[in-house]
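Chemist: These protein sequence lines map, in sequence, to chains A and B. Each residue of the first sequence is one higher than the one before, counting from 161 in this note's numbering. Each residue of the second sequence is one higher than the one before, counting from 15 in this note's numbering. Using N, Cα and C, we set each Cβ at its ideal position, and we do this for glycine too.
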Amino acid sequence: MSEICKYTGDILEMSLEKIELLLKGDYGISKRSIGLLLLQEDEEIISLAKSKEAEKFTQIMEIVAHTKAHFHEPLSYIISQRRQEEASRIVGASVEHLPETRLPFKEKLSRMMIHPLTGVPILLLILYYGIYKFVGRFGAGIMVDFIEKDIFEKNINPWITQILTSIIPWQMLRELFVGEYGVITLGVRYAVALILPIVTTFFIAFAIIEDTGYLPRLALLIDRLFKKIGLTGRAVIPMVLGLGCDTMATMVTRTLPTKRERIIATILLALAIPCSAQLGVILSLLEGNPKGLWVWAGIVSLVFLLVGFLSSLVLPGDAPSFYMEIPPLRLPKLSNVFIKTYTRVKWYFSEIFPMFILASVCIWIGQLSGLFSLLTRALNYPIHWIGLPDKASVAFLFGFFRRDYGAAGLYDIKKAGLFTGNQLVVACVTLTLFLPCIAQFLMNVKERGWKTGLGISVFILFFSFSVGFLLNLALNILGVSL
Amino acid sequence: MNFVNKLFKGFKSSGSCCGKKEEVIEGNLRKIAIVGSPNVGKSLLFNRLTGSYVTVSNYPGTTVEVSRGKTRIGQDEFEVTDTPGMYSLLPISEEERVARTLLLREKLSIVIHIVDAKNLERMLPLTLQLIEANLPVILVLNIIDEAEKIGMKINIRNLEKDLKIPVVATVSTTGRGIDILKGRVEEHVRNM
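Structure (structure tokens):
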């Protein structure tokens, strides 16, 4: 068969031929390939050969060792180099490059996005207009206001309350639907009036950014910083996706090559990356309080870097190396953006909607049985500890269900005017770092195993409250009021 | 873009992924595997070939997900597998390991190696490895429109003669070249 890749007349080729002759088992692919993989000391193939080549195995491995001794560089390097030379020869014979006609503006822009000096301002610009203005102002501000005040509070809530009052005579049962934590007044309202517009605007912004091919460039930009915390730029992608939904992003950590990187990325996702709904609600909570927003962003980034750095010290393993394909920059296609946004919103919404309803029902049962007040009272201790009012316990209890649900709870408390500026920032920081939602917890367990998954969650529970405590303490001691 | 597709692949049909539906795909169908590095349009090609009837499940013994679907080409029905991205037969990541295991274990009638035509030179080494492994390879030069746009002219006949395997140029986003690819698959199977 293929004489394309024969490196005739040297020690490598001769060893390879010897190994080919010795191999007797059936491997599903050619003996030549198996021989090459053995020479490159592929562990899986070595153990496969060990089981299939009873008596000849030692002889084969001797040839491998002997061949290795002949070269300064690793055999895998030499083999891939020769293969690349062969590939270049073939391409050279069949491919012609015509001179480019257009000035490659795209290429210039692409380089600017990667270079730290120009790349960072571009990133900030994208974050400001894409996330802060579009998601925070438009989605979490204008749209939420409209849907919540004009549609729910003025129309739906009174209408349903009226209907229910006329058909259900028992106050207790009515509470299930239109009470303080009712299915309609809380569950559906949170899902439709708060989360839906925020998530939709976020996914639109994200789909546009993604469709242009910006993300791989962002990965290159941040690579250096990430290396310091034991991750490669490749890890940027799960992190950025985490801003959409941490649960999906945890699944994407699979693309990371080492186990060490996968664990660090999982911890960081669970701890310091807010998901879209949470991000939106927090942006709208801190809107009109720019100092608070800076403190929140600063603390969360600091935690991200610190925890990443510490875990890279604690977890043993090699420093990763980075290699990535860069697709060209493209103008986003409207149909792509639409389809992506639609499928994601649909998926997300169908995920949260039943959970929000379920949460309302659980709370209702909890209220009837007294369990709810027991839990909130228990939570009062850590809540007081970080300097927040009683009311916040409920939001944190929601947070156990989902972080975004908890963030929406804070939104209600702020609207009622129960927070001071400091308390608001402390609550936002703590809830951002707080335990991920149940879905993400399950994904952590599925991807990382019971021990690691559970360990990460317990760590985060303590860590988030400790940071809240320290922040509150620091603000008080320094006498800052945000 | 692609990684998100990959991710949503997991959700798209996850409702029907587990258990029963797997049995619908019979063991004696001819098999096609699509391989290539990430971001070259593997999943799009997979979708173009299979349409519906897609099942997504973990590859045995790993957490890496693999999509399988069915397609009819000419007279024959094929099972198509979308493998996780791979750069070489010498694996670095868990995903690459799964892709290789799949190539080793499953008796494949066709291995479609899909590459980004612009980066042919960097991606051709994997083609060489697949040929070397004696796998029935068809090389697909995808995103050929962008390669043409930057002034690349690829002599496909010449390439076929050099590599001694079928080579097809496609644009999986628009569907250009897919029919030719199907034709080459049909030919290849008939000559087996």
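1) Contact defined as beta carbons within less than 8 Å: I believe Phe-623/A pairs with Leu-431/A. What is the distance between those atoms, to the nearest angstrom?
2) Distance check for Thr-372/A and Phe-17/B, CA to CA, integer angstroms please.
3) Is there a Cβ from chain A that is less than 8 Å from the Cβ of Ile-168/B?
4) Give me the chain B residues within the contact set of Arg-243/A, using Cβ-Cβ distance strictly less than 8 Å, ordered along the chain.
5) Leaving out five residues before and five after Leu-181/A in sequence, what residues of the same chain have Cβ atoms less than 6 Å from its Cβ?
6) When burial is assigned at 16 or more other CB atoms within 10 Å of the CB, is Tyr-350/A buried or exposed?
7) What does the Cβ neighbour count give for Asp-202/A, buried or exposed, with the cut at 16 atoms within 10 Å?
8) Looking at the structure shown, is Thr-85/B part of a helix, part of a strand, or coil, going by DSSP?
9) Distance check for Pro-105/B and Ala-209/A, CA to CA, integer angstroms please.
10) Is it true that the CB of Ile-168/B sits closer than 8 Å to the CB of Val-255/A?
11) Report, in whole angstroms, the separation of the C-beta atoms of Ile-128/B and Lys-196/B, which I expect to be a contact under 8 Å.
12) Going straight from the alpha carbon of Ile-157/B to that of Arg-490/A, what length do you get?
13) If the cut is a Cβ gap below 7 Å, which residues of chain A does Ile-46/B touch?
14) Need the endpoints of the beta strand (DSSP E) that Asp-90/B sits in, please.
15) Would you please verify whether the beta carbon of Leu-429/A is less than 8 Å from any beta carbon of chain B?
16) How about Gly-279/A and Ile-369/A: are their beta carbons less than 8 Å apart?
17) If you follow the alpha helix (DSSP H) that Ala-131/B is in, where does it begin and where does it stop?
18) Check whether the Cβ of Gln-600/A lies closer than 8 Å to any Cβ atom in chain B.
19) Is it buried or exposed, Gly-639/A, if we count other Cβ atoms within 10 angstroms and call 16 or more buried?
20) Which one or two residues does DSSP pair with Leu-153/B in a beta bridge?
21) Reducing DSSP to helix, strand and coil, say where Met-272/A ends up.
22) Between Asp-202/A and chain B, is there a C-beta pair that is closer than 8 Å?
23) Considering only the alpha carbon of each residue, which of Leu-630/A, Ser-236/A, Ala-365/A and Ala-229/A lies closest to Asn-496/A?
24) Please say whether Ile-220/A and Phe-231/A have beta carbons closer to each other than 8 Å?
25) So Lys-167/B is in the beta strand (DSSP E); what residue range does that whole segment cover?
26) Does Lys-45/B come out as helix, strand or coil in the three-state DSSP assignment?
27) Which residue comes first and which comes last in the beta strand (DSSP E) that contains Glu-256/A?
28) Based on the DSSP output, what are the partners of Val-203/B in its beta bridges?
29) Quick one: measure Cβ to Cβ for Ile-620/A and Leu-591/A, integer angstroms, because I've assumed they're closer than 8 Å.
30) Given Lys-611/A, which residues of its chain have a CB within under 7 Å of its CB, disregarding the five upstream and five downstream residues?
31) Taking 8 Å as the limit between beta carbons, can you name the residues of its chain near Ser-520/A, skipping five residues before and five after?
32) Pick helix, strand or coil for Glu-233/A, following the three-state DSSP scheme.
33) By a C-beta neighbour count over all protein chains shown, 10 Å radius and 16 as the cutoff for buried, is Asn-582/A buried or exposed?
34) Mind listing which residues of the stretch 86 to 111 of chain B have their C-beta closer than 9 Å to chain A's C-betas, in chain order?
35) Assuming Pro-150/B and His-202/B form a contact by the criterion Cβ under 8 Å, report the distance between their Cβ atoms to the nearest whole angstrom.
36) Sort out for me which residues DSSP pairs Arg-190/B with in a bridge.
Modeler: In brief:
1) 7 Å
2) Only weak support exists for where Phe-17/B lies, its pLDDT of 46 falling under 50; the value from the coordinates is given anyway. If you take the alpha carbons of Phe-17/B and Thr-372/A, they lie about 14 Å apart.
3) Output row for Ile-168/B: interface = yes.
4) Residues of chain B passing the Cβ test: Pro-139, Leu-142 and Gln-143.
5) Excluding sequence neighbours, Leu-181/A sits near nothing in its chain.
6) buried
7) buried
8) Here Thr-85/B sits in strand by DSSP.
9) 17 Å
10) yes
11) 14 Å between Cβ atoms; not a contact.
12) 13 Å
13) Here the premise fails: no neighbours, minimum Cβ distance about 16 Å.
14) Unbroken beta strand (DSSP E) run through Asp-90/B: 90 to 96.
15) no
16) No; because the gap between Cβ atoms is not below 8 Å, this pair is not in contact.
17) Where Ala-131/B is concerned, there is no enclosing alpha helix (DSSP H), given that its DSSP letter is neither H nor E.
18) no
19) exposed
20) His-127/B and Val-181/B, per the DSSP bridge assignment.
21) Looking at Met-272/A - three-state DSSP - the assignment turns out to be helix.
22) yes
23) Here the closest residue by C-alpha is Ala-365/A.
24) no
25) 166 to 168
26) strand
27) 255 to 257
28) None; Val-203/B has no bridge partner.
29) Wrong, their Cβ atoms sit about 12 Å apart, outside the cutoff.
30) Excluding residues within five positions, none has a Cβ falling inside 7 Å.
31) Leu-336, Tyr-341, Gly-342, Val-343, Leu-346 and Gly-347
32) Reduced to three states, the DSSP call for Glu-233/A is coil.
33) buried
34) Pro-98, Gly-99, Tyr-101, Ser-102, Leu-103, Leu-104, Pro-105, Ile-106, Ser-107, Glu-108, Glu-109, Glu-110 and Arg-111
35) 6 Å
36) Paired residues: Val-185/B.
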